[in-house]
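Here's the structure, in structure tokens; my notes come after.
2 protein chains.
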Amino acid sequence: MPNETITAPKGFQAAGLHCGVKQSGKPDLALVYCPTGAKAAAVFTTNAIEAAPVTLCRKQVQNAPIYAAVVNSGNANACTGAKGLMAANVMCNKVAKELDIEASQVLIASTGIIGKQLPITKINIGITDAATVLSESQAAGNNFAKAIMTTDTRAKQAVRTIDIYSKTVTIAATAKGAGMIGPNMATTICVITTDAAISKPLLGKALKNAIGASLNRLTVDGHQSTNDTAMILASGLAENRTIKKQDAGYRRFVRALNDLCSDLARQMALDAEGATRMFKVTVKGAAKKTDATKAARAIADYDLVKCAVHGSDPNWGRIICAVGSSGVKLNPAKLACKIGDVFVFRNGKPTNFDAKAVSKIISQKEHEITVDLNVGKHHDFCYGCDLSREYVHINADYHT
Amino acid sequence: MPNETITAPKGFQAAGLHCGVKQSGKPDLALVYCPTGAKAAAVFTTNAIEAAPVTLCRKQVQNAPIYAAVVNSGNANACTGAKGLMAANVMCNKVAKELDIEASQVLIASTGIIGKQLPITKINIGITDAATVLSESQAAGNNFAKAIMTTDTRAKQAVRTIDIYSKTVTIAATAKGAGMIGPNMATTICVITTDAAISKPLLGKALKNAIGASLNRLTVDGHQSTNDTAMILASGLAENRTIKKQDAGYRRFVRALNDLCSDLARQMALDAEGATRMFKVTVKGAAKKTDATKAARAIADYDLVKCAVHGSDPNWGRIICAVGSSGVKLNPAKLACKIGDVFVFRNGKPTNFDAKAVSKIISQKEHEITVDLNVGKHHDFCYGCDLSREYVHINADYHT
Chain H
1 MPNETITAPK GFQAAGLHCG VKQSGKPDLA LVYCPTGAKA AAVFTTNAIE
51 AAPVTLCRKQ VQNAPIYAAV VNSGNANACT GAKGLMAANV MCNKVAKELD
101 IEASQVLIAS TGIIGKQLPI TKINIGITDA ATVLSESQAA GNNFAKAIMT
151 TDTRAKQAVR TIDIYSKTVT IAATAKGAGM IGPNMATTIC VITTDAAISK
201 PLLGKALKNA IGASLNRLTV DGHQSTNDTA MILASGLAEN RTIKKQDAGY
251 RRFVRALNDL CSDLARQMAL DAEGATRMFK VTVKGAAKKT DATKAARAIA
301 DYDLVKCAVH GSDPNWGRII CAVGSSGVKL NPAKLACKIG DVFVFRNGKP
351 TNFDAKAVSK IISQKEHEIT VDLNVGKHHD FCYGCDLSRE YVHINADYHT
Chain G
401 MPNETITAPK GFQAAGLHCG VKQSGKPDLA LVYCPTGAKA AAVFTTNAIE
451 AAPVTLCRKQ VQNAPIYAAV VNSGNANACT GAKGLMAANV MCNKVAKELD
501 IEASQVLIAS TGIIGKQLPI TKINIGITDA ATVLSESQAA GNNFAKAIMT
551 TDTRAKQAVR TIDIYSKTVT IAATAKGAGM IGPNMATTIC VITTDAAISK
601 PLLGKALKNA IGASLNRLTV DGHQSTNDTA MILASGLAEN RTIKKQDAGY
651 RRFVRALNDL CSDLARQMAL DAEGATRMFK VTVKGAAKKT DATKAARAIA
701 DYDLVKCAVH GSDPNWGRII CAVGSSGVKL NPAKLACKIG DVFVFRNGKP
751 TNFDAKAVSK IISQKEHEIT VDLNVGKHHD FCYGCDLSRE YVHINADYHT
């Protein structure tokens, strides 16, 4: 089986293990190391309350080169004040000491419960242990992916290989996230590695573009966490001519990165808390792009639509209701809605569709909802998932 | 037992019965009649897709006097095109014929499933039957309240009696609504009767004010229906000097109306689809009023907060997260949050609160969440309810 982990691109070693943050004994500390140094870029939560590691990482990512990234799960180090910020710094210092680099050359992210101080002694021991077992193996990459998980039931990983300027370039990524997922920014934690040679500004631009078209298009509950972080490290070891301008090579890199991140977004939707299926909402015919975005998200976030999807119910009334209350410009007399390829609503009126056939479309693992506002030429999309009793169970019965 | 139905104010006769819209055999047609004629006012959904009865009622309510209002449940007559608008007109015509008034003097509302044509023949027979049994009795008022229900498990009714210019004035109301409740406008169907003598402009102003501070402050799922309608009919039979300006008498009327509508909003929250409890979110210290409103609604609409309330979990992290992502101005270092009277978060940090005691507060039928943004002097509130498996059951397993 080919390596589909973040150690697939040349120049990356990874580790993932249990150090004691999670009481369950599951992996909770992840480390990735690029011995030759990497260009780095990241995007972060826009939540006004941001976790300590976000504050620190926002600063560090401006440095070059970056040699490592450390992630812990089980504790978000959010709402933890000055002590939390100190703990984030201690983590970077520890990684630096173990790898003989500068603390300023380490990226950091945390995910898990909000408002508890990190068990920093345990984490320090974990970092030492992780540094010892760092490896380019597929198993090490898998361990990394598992160690960033929280309520995820499976690791999310993907890899893409492309030719850039006649050299083979690999991009790999892993992401975690199952709940508290809103489409305002990168979704929870996403770590991307690549051996592409690319300038730092273009790497940042490509990442922003890819996250915008993938993880930012996914909503589970419309919630945006205090810890959302997506980072990319580029080792340059593919030895392609360095991507320095927005030419064909850059565009090829962007397409592959977008495709990779969309793959992760879909994996996340299918593993969302309690979700049994996902759907893609496309809104077209909008007067402006922001209207299309707004309407698509309104539908994907609408609890009654999510319940209808859960029940395989072709309840187009709820979709129309969501569109109507989203505040976008529309033409009621020309409004149309398709579920899969079937028009259920057209020219402002329900059609005589085959309810059983449409119910079958909705019962699939993935389906599409398309709404035509019929007032313009703009379009956008959003991924969503169904709302189940299990979501309530996970989020009501689990206590802080 | 005192009459707490819409027949309590002088001059109103009501009826409610089953005519065949609902397959369950439950009451689905309601009629209220004011033989002496009433001043009327109404507020409607702001959903861009509005039902036929909303379009018609919006026009009719401008007329004076209004003699009757007819409401059917089980079918919303929404997304039904020209045929739907014709059916709404047929209903008003039928009421007019039975009561020997003009069709333009009848208000109308529908609630229920979207996108199906009304069974107008059955409804016409129902109107004839209802006109026959119109009565000022409490039983008739109760029948009206039951006939406007959809997924409600109980009727919501309230009455208030006040002195205005030394005369006793009564205001009574009934409302329906359990799901698809968002805070953008009047919530689903609300019918208010009063024997106050009051000018039409001031009646409209008072209604808008009261709905704004009550039903518009309630969110079950943030959804706004195509049919939201709140109407008030004033018979003037209390024989108070007519309220013509915004004096002490007007203010007393407004206070009583606000109190009455808040009572209904709380009854609705407690009977929301699957809800087991409700909560009131107050946001203070906001830089502007709209920030306070936005943050309060963001918290009350946050599925993870609603799940935590369902599980009696003092998970303040989700409240803080909701505030942070609501886009309002706040001071992270001074942010505070109380559950009941207990500070769980203060000066940007969690407190050492007694989790068991706070869990007990949350497990009550009603509790309060207060957030202080600490950046200004404005405040606002919103009512919310918990999210349960039952909500999913009702909305996923029930098929169109």
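If you're matching them up, the sequences are chains H and G in order.
For reference, each letter of the first sequence is one residue, going 1 to 400 in the working numbering.
For reference, each letter of the second sequence is one residue, going 401 to 800 in the working numbering.
Where a beta carbon is used, it is the ideal one built from N, C-alpha and C, also for glycine.
Does the beta-carbon of residue i have 16 or more other beta-carbons within 10 angstroms, so that it is buried, or is it exposed?
i                 : result
Lys356 of chain H : exposed
Asp372 of chain H : buried
Cys385 of chain H : buried
Gly249 of chain H : buried
Gln423 of chain G : exposed
Thr226 of chain H : buried
Met668 of chain G : buried
Asp291 of chain H : buried
Arg651 of chain G : exposed
Asp628 of chain G : buried
Asp303 of chain H : buried
Arg617 of chain G : buried
Please list, in chain order, all residues of the same chain as residue i whose beta carbon is under 6 Å from its beta carbon, the five residues on each side excluded.
i                 : result
Ser712 of chain G : Ser759, Ile762 and Ser763
Ile192 of chain H : Ala173 and Ile232
Asn408 of chain G : Checking the displayed sequence, the identity of residue 408 of chain G turns out to be Ala instead of Asn. Here the set comprises Val559, Thr570 and Ala572.
Lys284 of chain H : Asp372 and His379
Arg266 of chain H : none
Ala698 of chain G : Ala722 and Ser726
Cys479 of chain G : Ile514 and Gly515
Counting contacts by CB-CB distance shorter than 9 Å, is residue i in contact with chain G?
i                 : result
His378 of chain H : no
Ala186 of chain H : Any reading at Ala186 of chain H must be qualified, since the residue scores a pLDDT of 35, below 50, and its modelled position is unreliable; the value itself is stated next. Output row for Ala186 of chain H: interface = no.
Arg154 of chain H : no
Arg160 of chain H : no
Tyr413 of chain H : With chain H represented from 1 up to 400, any question about residue 413 of chain H goes unanswered, as that position is not in the structure.
Phe345 of chain H : yes
Ala8 of chain H   : no
Asp313 of chain H : yes
Thr5 of chain H   : no
Ser135 of chain H : no
Pro183 of chain H : At Pro183 of chain H, the pLDDT of 42 sits below 50, so the modelled position is not reliable and the matter cannot be decided from this model.
Lys349 of chain H : yes
Ile114 of chain H : yes
Leu335 of chain H : yes
Arg318 of chain H : yes
Would residue i and residue j be called neighbours here (beta carbons separated by less than 9 Å)?
i                 : j                 : result
Ala234 of chain H : Leu215 of chain H : no
Val569 of chain G : Glu404 of chain G : no
Phe544 of chain G : Ile643 of chain G : no
Leu264 of chain H : Ala336 of chain H : no
Val305 of chain H : Asn315 of chain H : yes
Glu366 of chain H : Leu270 of chain H : yes
Val432 of chain G : Thr445 of chain G : no
Glu102 of chain H : Ala96 of chain H  : yes
Gln60 of chain H  : Gln105 of chain H : yes
What first and last residue would you give for the beta strand (DSSP E) that runs through residue i?
i                 : result
Gln557 of chain G : Lys556 to Ile564
Leu330 of chain H : Where Leu330 of chain H is concerned, there is no enclosing beta strand (DSSP E), given that its DSSP letter is neither H nor E.
Asn475 of chain G : Ile466 to Asn475
Ser110 of chain H : Val106 to Ile113
With 9 Å set as the bound, which would you pick, yes or no: does the beta-carbon of residue i sit closer than that to a beta-carbon of chain H?
i                 : result
Val723 of chain G : yes
Asn795 of chain G : yes
Val728 of chain G : yes
Ala669 of chain G : no
Ile611 of chain G : no
Looking at the unbroken alpha helix (DSSP H) that takes in residue i, where does it start and where does it end?
i                 : result
Ala401 of chain H : An answer regarding residue 401 of chain H cannot be provided, because it is not within the stretch 1 to 400 covered by chain H.
Thr532 of chain G : Ile520 to Val533
Gly204 of chain H : Lys200 to Gly212
Ile361 of chain H : Ala355 to Ile362
Glu498 of chain G : Gly481 to Leu499
Going by beta carbon distance, what residues of the same chain come within less than 7 Å of residue i, once the five residues before and after it are set aside?
i                 : result
Lys494 of chain G : Asn524 and Ile527
Tyr791 of chain G : Glu673 and Gly674
His310 of chain H : Thr276, Asp386, Leu387 and Ser388
Asn475 of chain G : Val421, Ser510, Gly512, Ile513, Lys516 and Leu518
Quick one: residues in its chain with C-beta nearer than 8 Å to the C-beta of residue i, no 5 flanking neighbours on either side, listed in chain order?
i                 : result
Asp659 of chain G : Arg560
Tell me whether residue i, by its Cβ, gets closer than 8 Å to a heavy atom of the ligand NAP.
i                 : result
Asp313 of chain H : Inclusion of the ligand NAP in the displayed structure is not the case, the ligand content being empty and no account of it being possible.
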